[in-house]
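K.L.:
Numbering of the sequence shown is given in the numbering used here, commencing with residue 144 and proceeding in unit increments.
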Amino acid sequence: ERNGVIGNIYNMGLALQALEATRKFYAPRKWDCAQAFSVVYAHDYQQPMAMAQVLPALVGRSYLDVAGLDCAATKDMSPTQQLPLFPKLGTHNVPRGMLIPPGVLQTPQGGCSHPVPGGLCQVPTLPLSPCTASIQVHYSITNTLQGKHFHYSTTVTVPRGSTLLRVMEVAAEENPQTFSFQTEQTSWGPYVTSIHGLAGSTDDRTYWQFLSAGNALEEGVGTYKPRDGEHIQAIFST
144 ERNGVIGNIY
154 NMGLALQALE
164 ATRKFYAPRK
174 WDCAQAFSVV
184 YAHDYQQPMA
194 MAQVLPALVG
204 RSYLDVAGLD
214 CAATKDMSPT
224 QQLPLFPKLG
234 THNVPRGMLI
244 PPGVLQTPQG
254 GCSHPVPGGL
264 CQVPTLPLSP
274 CTASIQVHYS
284 ITNTLQGKHF
294 HYSTTVTVPR
304 GSTLLRVMEV
314 AAEENPQTFS
324 FQTEQTSWGP
334 YVTSIHGLAG
344 STDDRTYWQF
354 LSAGNALEEG
364 VGTYKPRDGE
374 HIQAIFST
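#1: Who are the Cβ neighbours of S272 in its own chain at under 6 Å, not counting the five residues just before and after it?
#2: How many Å lie between V364 and L307 at the Cα?
#3: Can the beta-carbon of I278 be found closer than 7 Å to that of D371?
#4: Residues in the same chain with beta-carbon distance under 6 Å from S330, minus the five sequence neighbours each way, listed in chain order, please.
#5: Can you name, in chain order, every residue of its own chain whose Cβ lies under 6 Å from the Cβ of Y367, other than the five neighbours on each side?
#6: Along the chain, where does the alpha helix (DSSP H) that runs through Q190 open and close?
#7: Hey, how far is the Cα of H281 from the Cα of V299?
#8: At what residues does the beta strand (DSSP E) containing T300 begin and finish?
#9: Using only CA atoms, which one of Q160, F353, V197, K167 lies nearest to V310?
#10: Which of the three DSSP states, helix, strand or coil, is assigned to M155?
#11: Spatial neighbours of P182 within its chain, please: CB distance less than 8 Å, with the 5 preceding and 5 following residues excluded, ordered by chain position.
#12: Starting from A314 and walking both ways along the alpha helix (DSSP H), at which residues does that stretch end?
#13: Would you please state the rounded distance, in angstroms, between the beta carbons of I338 and A276? I believe it to be under 8 Å.
#14: Can you give me the start and stop residues for the beta strand (DSSP E) that Q352 sits inside?
#15: Ends of the alpha helix (DSSP H) at A210?
#16: Residues in the same chain with beta-carbon distance under 7 Å from V301, minus the five sequence neighbours each way, listed in chain order, please.
#17: Along the chain, where does the beta strand (DSSP E) that runs through V280 open and close?
Below, the structure is given as C-alpha cells:
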C-alpha cells in the first residue's frame, strides 16, 4: 500500500524478519517481497541498530535462527563459510537483480566495458567533488502544552548535507538562551530530551516531536538532513 514500505523505513528490518519467520503459517501462496526489499536496498541506513535488524532479513534469516546456531561447529570457519552473503535465488522469490549490490548492473559482458565475475557489469562512478555549498534551514521550537508557553524561530546557515542535529547546534551556538538543548545517546542515535530547559517525561508521556511541513520525521536528529529552505518544527507533544 505504501510502495513496499511496512510501517516506516526503520520498521522494515523486523517486519521482513517476521514475515520470513512466519511464512510457513501462511496459506499456500508465494509472497512477492521484491518491492519491500527494493525499499531496503535503496535506503542509506546509518544507525547500527537499524543495520542489525535489516541484515538478517537480507540473508533470509531472523533473530529466531540464533537459537539454532551451533557456534562450536562453526568457530573454525571463516565468516563467508558460516553464512552466505545473499539469499539463494528463489529463497524469497526476489528477482536476482534485486540482490545485486548498488553500482552493479546485470548485463551481458559483451556490451560491458567494466565486467566483473558472475556476468555482471560494474558501473563506473564519477569522483565526488567536495561539497562546499551552504543552505538555510528555518527552525522553530514550540510549547503550548506545559508550564509557560513559548514559540521561537530562527534561520541558520549550515553546509549542505548537515544533519538536523547540526542545525540545532548552530542555533544553540548563536542563541544559547533560547535554543539550548540536551540529548542522550541511544542505540538509534542521539535522542533529544530537552529544549529551552523543557524536558520530556515518561511519567507524563511528553516528548519533543520534530516535523517538516506538518509531517513527523521518520529519521532521528542525528541522521535526518534538512533541505535548503526547509522549516523544521520542534513541538513539545504528548
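Where is the CB? At the ideal position from N, CA and C, for every residue including glycine.
P.N.:
Quick answer:
#1: Translated into the one-based positions of the sequence shown, residue 272 becomes position 129. Any reading at S272 is ruled out, since the residue's pLDDT is 48, under 50, leaving its predicted position unreliable.
#2: Locating residue 364 in the sequence shown gives position 221, counting from the first residue. Locating residue 307 in the sequence shown gives position 164, counting from the first residue. For V364 and L307, the distance between alpha carbons rounds to 5 Å.
#3: Locating residue 278 in the sequence shown gives position 135, where the first residue counts as 1. Locating residue 371 in the sequence shown gives position 228, where the first residue counts as 1. Contact flag set, yes.
#4: Numbered from 1 along the sequence shown, position 187 holds the residue referred to as residue 330. Result list for S330: M192, in chain order.
#5: To locate residue 367, count along the sequence shown from 1; it is residue 224. Counting only residues of its own chain and dropping the five nearest sequence neighbours on each side, Y367 has a CB closer than 6 Å to the CB of L307, L360.
#6: Working through the sequence shown from its first residue, we reach residue 190 at position 47. Q190 -> no alpha helix (DSSP H), and no H or E assigned at all.
#7: For the purposes of this step, residue 281 is identified with residue 138 of the sequence shown, where counting begins at 1. For the purposes of this step, residue 299 is identified with residue 156 of the sequence shown, where counting begins at 1. Straight-line Cα distance between these residues: approximately 7 Å.
#8: Reading the sequence shown from its first residue, position 157 is the one you call residue 300. First-last of the beta strand (DSSP E) with T300: 293–302.
#9: Sequence index remark: in the sequence shown, residue 310 carries index 167 (1-based). Answer by Cα proximity: F353.
#10: Translated into the one-based positions of the sequence shown, residue 155 becomes position 12. Helix.
#11: The count along the sequence shown starts at 1 and reaches residue 182 at position 39. First, the amino acid is wrong: residue 182 is Val here, not Pro. Cβ within range, chain order: N146, G147, V148, I152, M155.
#12: For the purposes of this step, residue 314 is taken as residue 171 along the sequence shown, with counting starting at 1. Counted as a single uninterrupted DSSP element, the alpha helix (DSSP H) harbouring A314 occupies residues 307–317.
#13: Residue 338 sits at position 195 when you count from the first residue of the sequence shown. Residue 276 sits at position 133 when you count from the first residue of the sequence shown. Not really, about 28 Å apart at Cβ, beyond 8 Å.
#14: Counting from 1 along the sequence shown, the entry for residue 352 is found at position 209. Per DSSP, Q352 belongs to the beta strand (DSSP E) from 350–355.
#15: In the sequence shown, the residue the question calls residue 210 occupies position 67. Here A210 belongs to no alpha helix (DSSP H), and DSSP marks it neither H nor E.
#16: If you number the sequence shown from 1, residue 301 lands on position 158. For V301, where only same-chain residues beyond five positions count, the Cβ hits under 7 Å are S277, I278, V280, R309, V310, V313.
#17: Mapped onto the sequence shown, residue 280 falls at position 137. Per DSSP, V280 belongs to the beta strand (DSSP E) from 277–286.
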